[in-house]
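Asker: Below you'll find the structure I mean.
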DNA sequence: GTCTATATCCAGATAGAC
DNA sequence: GTCTATCTGGATATAGAC
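Residue numbers (this note's numbering), protein chains in the order written: chain A, 9 to 228; chain B, 9 to 228.
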């Protein structure tokens, strides 16, 4: 079972890369070196074998941080998942802020969001897998479903605004959001599952043309 | 955390309902009463709290079948998940057969498939959840990823055929399939997560018009 | 804050009578 | 085929020195 998918980068690296582009970074979750080691190892393990197939001893081995330290920092095992969740959704929020500023049209924003999702998938599949498959009911009892998380509602809000503004034709906003993001999410799942072998970027233009064609108000 | 979603029917009932419409049913996985009780209980528990949060003693309590009998029939815990997987994908295959016969046009077939997915979601959310979230890596090691399962490839084949036939405009078949099924799957996930409160059927026409509009070759 | 050693519990799985 | 009683390993989590 060889994986021919791109080498994962860690959540920490993904965040770093983002920050380096910022002039005045938003107050960010500060993490000690040990905490980062644990989160990096955990993200990789959760992605490779799943949350429940990952034991604390596994994380101890992979992170080279002791059991005691892990419990000191994260309280319990779900604390690790929570910390990852907050890290990732926080980064995503920041990225959406950037997109909102950099693009004024709804079409531009939605396309940039899809590009962002593709980019995360290619650069850090483990991060995308965590977002897609983080089942609140199973190991994030303190959190709402990922579909109602801040970044997701934000994405829907962009679409709803586009309808108000008349950039998108009159249509149920929920359906519009599904038409915009649904195909992209589907492709990215197929990519993560190894069904698609090409980098997602190669599919972006054709995907976007078709998605947007069915929704834009007139010419756009 | 009140769930206002439709009452679940069991996989067994879903299959039964299907069979009752058949004249000459395909050879089907025969299951004893005890086996059905176990599978019904397990499907519900897996959906409610997740596979890993469900213990064998939980299933014993819910199914009123003893530990010994469960192991006798299913070998081990993954055997229960496997049996569910085969049951559900088998039923789905049969339903796709019916659709292939009942509809000749690609548009008709794809629309019927989406309708089927919506119907399963409404009638047996647990079944749909199992299909969507059954992570082969985590608890179905013997199975390929769900995306490459027979029903899923079949769905993509319908689309590819539509392109060959000239019913769908010339476009990458993978993208075409994502454009057709992606929005529907997205809506159904939102429904399962409680974000959408209306039955999916009410969204079908508007969804389909938009999806198909971006793909049909000319007028359709 | 970090570590090792250890306690406790309960999961998955088996044995063997009926 | 079904059941009860039981084994055993390894998981989460803690204690307490440094």
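Heads up, the beta-carbon is just placed ideally off N, CA and C, and yes, glycines get one too.
Please state the DSSP three-state secondary structure of residue 154 of chain B.
Answerer: Residue 154 of chain B falls in the helix class under three-state DSSP.
Asker: So, is the C-beta of residue 150 of chain A closer than 8 Å to a C-beta in chain B?
Answerer: No, no contact with chain B.
Asker: Around the C-beta of residue 133 of chain A, are 16 or more other C-beta atoms found within 10 angstroms, so that it is buried, or is it exposed?
Answerer: Its Cβ being crowded by 16 or more others within 10 Å, residue 133 of chain A is buried.
Asker: For residue 73 of chain B, would you say it is in contact with chain A, using Cβ-to-Cβ distances shorter than 8 Å as the test?
Answerer: Cβ-Cβ to chain A under 8 Å: no for residue 73 of chain B.
Asker: On the premise that residue 53 of chain A lies in contact with residue 66 of chain A, defined as a C-beta separation below 8 Å, what is that separation, rounded to the nearest angstrom?
Answerer: So it is a contact: roughly 6 Å between Cβ atoms.
Asker: Looking at C-alpha atoms only, which residue of A/158, A/101, A/94 and A/204 is the closest neighbour of residue 153 of chain B?
Answerer: Residue 153 of chain B has its Cα closest to that of A/204, out of A/158, A/101, A/94 and A/204.
Asker: Cβ of residue 186 of chain A less than 8 Å from any chain B Cβ?
Answerer: With 8 Å as the cut-off, residue 186 of chain A counts as an interface residue toward chain B.
Asker: In whole angstroms, what separates the C-alpha of residue 155 of chain A from that of residue 201 of chain B?
Answerer: Those two C-alpha atoms are separated by around 7 Å.
Asker: Tell me the residue span of the alpha helix (DSSP H) that contains residue 132 of chain A.
Answerer: Element bounds for residue 132 of chain A: n/a, residue is neither H nor E.
Asker: Sort B/108, B/224 and B/72 by Cα distance to residue 42 of chain B and report the nearest one.
Answerer: Residue 42 of chain B has its Cα closest to that of B/72, out of B/108, B/224 and B/72.
Asker: Name the chain B residues that come within less than 9 Å of residue 60 of chain A, Cβ to Cβ?
Answerer: Near residue 60 of chain A (Cβ distances below 9 Å), the residues of chain B are 58, 59, 60, 61, 146 and 147.
Asker: Take residue 207 of chain A and list the residues in its own chain whose beta-carbon comes closer than 7 Å to its own, dropping the five residues that flank it on each side.
Answerer: Here the set comprises 130.
Asker: Taking the C-alpha atoms as reference points, what is the distance between residue 111 of chain B and residue 84 of chain A?
Answerer: If I take the Cα positions, the gap works out to 54 Å.
Asker: Determine, using beta-carbon pairs with one atom in the stretch 172–183 of chain B and one in the stretch 120–128 of chain A, whether at least three such pairs fall under 8 Å.
Answerer: At 8 Å Cβ cutoff, the stretches do not touch.
Asker: Would you call the stretch 183–195 of chain A and the stretch 185–193 of chain B in contact, with 3 or more CB pairs under 8 Å?
Answerer: Taking 8 Å as the limit for Cβ pairs, the verdict is that the stretch 185–193 of chain B does touch the stretch 183–195 of chain A.
Asker: Spatial neighbours of residue 32 of chain A within its chain, please: CB distance less than 7 Å, with the 5 preceding and 5 following residues excluded, ordered by chain position.
Answerer: Annotation note: pLDDT 42 at residue 32 of chain A (below 50); position unreliable, coordinate value reported separately. Once the five neighbours on either side are set aside, residue 32 of chain A has no close Cβ partner at all.
Asker: For residue 143 of chain A, return the contacting residues in chain B, with the cut-off set at a CB-CB distance below 8 Å.
Answerer: Near residue 143 of chain A (Cβ distances below 8 Å), the residues of chain B are 58 and 141.
Asker: Residue 179 of chain A by DSSP, collapsed to three states: which one?
Answerer: Correct three-state label for residue 179 of chain A: coil.
Asker: How many angstroms separate the CA atom of residue 104 of chain A from the CA atom of residue 159 of chain A?
Answerer: Distance between the alpha carbons of residue 104 of chain A and residue 159 of chain A is about 8 Å.
Asker: Could you work out which residues of chain A lie near residue 208 of chain B, taking near to mean beta carbons separated by less than 8 Å?
Answerer: In chain order: nothing, as chain A lies at least about 11 Å away.
Asker: Do you know how far the Cα of residue 186 of chain A is from the Cα of residue 209 of chain B?
Answerer: In a straight line, the C-alpha of residue 209 of chain B is about 15 Å away from that of residue 186 of chain A.
Asker: For the putative contact between residue 221 of chain B and residue 175 of chain B, defined by C-beta atoms under 8 Å, what is the C-beta separation to the nearest angstrom?
Answerer: Not a contact, Cβ separation roughly 14 Å.
Asker: Can you name the start and end residues of the alpha helix (DSSP H) that residue 146 of chain B belongs to?
Answerer: Run containing residue 146 of chain B: 144–147, per the alpha helix (DSSP H) assignment.
Asker: For residue 99 of chain B, count the other beta carbons within 10 Å of its own beta carbon; 16 or more makes it buried, fewer makes it exposed. Which is it?
Answerer: Its Cβ being crowded by 16 or more others within 10 Å, residue 99 of chain B is buried.
Asker: What residues from chain A crowd round residue 214 of chain B, counting only those whose CB sits closer than 7 Å?
Answerer: Chain A residues near residue 214 of chain B: 179, 180 and 183.
Asker: Taking 8 Å as the limit between beta carbons, can you name the residues of its chain near residue 166 of chain A, skipping five residues before and five after?
Answerer: Taken in chain order, the residues that qualify are 108, 114, 117, 118 and 121.
Asker: Suppose the cutoff is 7 Å on Cβ atoms and the five residues either side in sequence are ignored; what does the same chain contact list for residue 93 of chain B look like?
Answerer: 142, 148 and 151, listed in sequence order.
Asker: Between the alpha carbons of residue 87 of chain B and residue 106 of chain A, how many angstroms are there, rounded?
Answerer: Going from the Cα of residue 87 of chain B to the Cα of residue 106 of chain A covers about 48 Å.
Asker: Please list the segments of the alpha helix (DSSP H) lying wholly inside the stretch 22–99 of chain B, counting only runs of 4 or more residues, in order along the chain.
Answerer: Counting whole runs of 4 or more residues, the stretch 22–99 of chain B contains the alpha helix (DSSP H) stretches 41–57, 64–71 and 75–82.
Asker: Using the rule of at least 16 other Cβ atoms within 10 Å of the residue's Cβ for burial, across every protein chain shown, is residue 37 of chain B buried or exposed?
Answerer: Exposed, since its Cβ has fewer than 16 Cβ neighbours within 10 Å.
Asker: Residues of chain B with a CB under 8 Å from the CB of residue 219 of chain A: which are they?
Answerer: Going along chain B in sequence order, the residues near residue 219 of chain A (Cβ under 8 Å) are 187 and 222.
Asker: For the stretch 117–135 of chain B, which residues have a beta carbon sitting closer than 7 Å to at least one beta carbon of chain A?
Answerer: Per Cβ criterion, the list is empty.
Asker: Run the CB neighbour count on residue 16 of chain B, radius 10 Å, all protein chains shown included, and call it buried at 16 or more, exposed below.
Answerer: Any answer about residue 16 of chain B is weak, because its pLDDT of 41 lies below 50 and its placement is not dependable; what the coordinates show is given next. Residue 16 of chain B is buried by the Cβ-count criterion.
Asker: Taking the alpha-carbon positions, what's the residue 170 of chain A to residue 162 of chain A distance?
Answerer: For residue 170 of chain A and residue 162 of chain A, the distance between alpha carbons rounds to 13 Å.
Asker: Strictly below 7 Å CB to CB, what residues from chain B border residue 190 of chain A?
Answerer: By Cβ distance, chain B contributes 190, 191, 193 and 194.
Asker: To the nearest angstrom, how far is it from the Cα of residue 30 of chain B to the Cα of residue 91 of chain A?
Answerer: Confidence at residue 30 of chain B is low in this model, with a pLDDT of 40, below 50, so its placement is unreliable and the value that follows should be read with caution. Between residue 30 of chain B and residue 91 of chain A, the C-alpha separation is close to 51 Å.
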